[in-house]
Every structure is written in C-alpha cells, then in structure tokens.
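Convert by adding 232 to the 1-based position in the sequence shown; the result is the number in the numbering used here.
Glycine included, each C-beta is placed from N, C-alpha and C at the ideal position.
In this text, all values refer to a predicted model and were calculated from it rather than measured experimentally.
The structure under discussion appears below in the form of structure tokens.
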Amino acid sequence: MLPHSPERLELTVETHSAGETAALGEALGRLVQAGDFFALYGELGAGKTKLTQGILRGLGVPAGARSPTFTLINEYQGGRLPVYHMDAYRLRRAEELLDVGAEDYFYGEGLTVIEWADRVAEILPRERLDIHLSVAAVADDDPDSGAIDDSGHVVDPGTHRHLVFQAHGFRHVHLLFGADQEWPNP
Ligand SMILES: Nc1ncnc2c1ncn2[C@@H]1O[C@H](COP(=O)(O)OP(=O)(O)O)[C@@H](O)[C@H]1O
Ligand SMILES: [Mg+2]
C-alpha cells in the first residue's frame, strides 16, 4: 500500500531509458483533467521535455500540433485537452510569465506543464504535481550510468534517471495514484 493522504502523495520512480520516462508521462497524460498543473524541475538534459512528450502522447495530441502562442508559451491543440507548455529557463523574473497572461492558462481549460518551475516558484498554483528529475548517481554497478569527471561534473548523463513526483491537493493526488497503478513498480 502506498503512503498517501487525500492532500499529499510522494512517489519515486527510476527509469533506464528515454522511452521509459516518456511512458510515465503517457500514463499521466491519459488521466489529466482540465486545470491540472505539472511543475517540472531538473537540470538541462534531465528529461523534462522527454516526459512532456509522453504526456502529449497520452492526451492524444497529434505530432506537430505545436503552435507557439508567445515565445514563452507553446499551445498544443487536437488532443483530449489543450496543453500549455511553458519554459521558464530564460526568465529573469516570474512576473514576465504573468505579463504574457500565464495565469489565464494556469486556471484554464487545459493542462499546464512548466519546465524550470523553480524559476517561478512564487507564482505556481498551490494545487499541482511537482516532478523532480535528475541524472541518477553515477555508480560502477549501474549499466545505465554515465560518466563523471574528476571535479564531479557529469560528462555523460547515461540513461538512468531518478524521478520524484509530489502531488499537492486531492485532485493531483488522485491523478498520481491512478498513474502509479500503470507504472512498473520495483
Ligand atoms: N531515462 C531517461 N529519461 C529521459 N531522458 C533520457 C533518459 N535516458 C536518456 N535520455 C536522454 O536525455 C535527454 C533528455 O533531454 P530533455 O528531455 O530535452 O531534457 P530537459 O528538457 O530536462 O533539458 C534526451 O536526449 C533523452 O533521449
Ligand atoms: Mg526541456
């Protein structure tokens, strides 16, 4: 039985290929509802966009459906729900996102997915699914591990990723619980 409450649920999943990460996203995408909000965290190359691609597939968004509404927001139509995909990487201030009307999307009819959510932490809705992705610790006995140099920098990220999902609020707890039923468990 998973540790969960109606208001909060945390799950950790390891993946060993880009396809596995996309498959996690796909299960989430099949279950999302209007107004859901995913906040993605993790370094460049951690797999945030790969996960998002899976989410789009789970929602049935046709390939190539992207229509850049603003430089900061990409809108995907043609799936079960519209998806608003934002990337906060280049933002200097969270207000820049508010200036282009992001809040209308947050509380709108679709799913919002935002990469580099830590850059705009102060404007995120309280009820959301936080997803932290990272390159898994480099270990000799891990066949999917990458390489690390003498100063501790990742020079080859390998294909092993560590994902921590934290659902806040009943709706997102329900969503994460449902998706977990479809995920491979160790
Ligand atoms: N287990 C994995 N999960 C996600 N991506 C992986 C994995 N293993 C290798 N990759 C590769 O890592 C890269 C992740 O890139 P991307 O999703 O664009 O990262 P981000 O958006 O976090 O910068 C892709 O080239 C992908 O093929
Ligand atoms: Mg990305």
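CB contact flag (I305, Y337, <9 Å): Closer than 9 Å, so yes.
V387 classed as buried or exposed, judged by whether at least 16 other C-beta atoms fall within 10 angstroms: Answer is exposed; the Cβ neighbour count stays below 16.
For ligand 2, residues whose Cβ lies under 6 Å from any non-hydrogen atom: Answer in sequence order: K280, T281, E347.
Straight-line gap, H364 to V396 (C-alpha atoms, nearest Å): Distance between the alpha carbons of H364 and V396 is about 5 Å.
Burial state of T284, where buried means 16 or more other Cβ atoms lie within 10 Å: So T284 ends up on the buried side.
Q309, buried or exposed, once every other Cβ within 10 Å from all chains shown has been counted against 16: Of the other Cβ atoms in all chains shown, fewer than 16 fall within 10 Å of the Cβ of Q309; this residue is therefore exposed.
Every unbroken alpha helix (DSSP H) inside the stretch 263-315 [4 residues or more]: Listed in chain order, the complete alpha helix (DSSP H) runs (minimum 4 residues) inside the stretch 263-315 are 280-290.
L420 in three-state terms, based on DSSP: The structure shown does not extend to residue 420, since the chain is modelled only from 233 through 418, so no value can be given for it.
Contacting residues, own chain, Cβ-Cβ under 6 Å from G410 (five flanking each side not counted): Within the same chain, L263 come within 6 Å of G410 by CB-CB distance, once the 5 residues on both sides are set aside.
CA nearest to the CA of H406, picked from E246, T247, T244, L260: Of E246, T247, T244, L260, the residue nearest in Cα terms is L260.
beta-carbon G292 near ligand 1 non-hydrogen atom, thresh 8 Å: Not one heavy atom of ligand 1 is found less than 8 Å from the C-beta of G292.
Candidates R325, Y316, R322: closest to E334 by CA position: In the sequence as displayed, the identity of residue 334 is Ala instead of Glu. Nearest of R325, Y316, R322 to A334, Cα basis: Y316.
Contact under 9 Å by Cβ, H392 with R360: Cβ atoms of H392 and R360: not closer than 9 Å.
Other residues of its chain near D268: CB distance less than 6 Å, five sequence neighbours each side excluded: Taking D268 as the centre and dropping the five residues before and after it, the same chain places the C-beta of L343 closer than 6 Å to its C-beta, in chain order.
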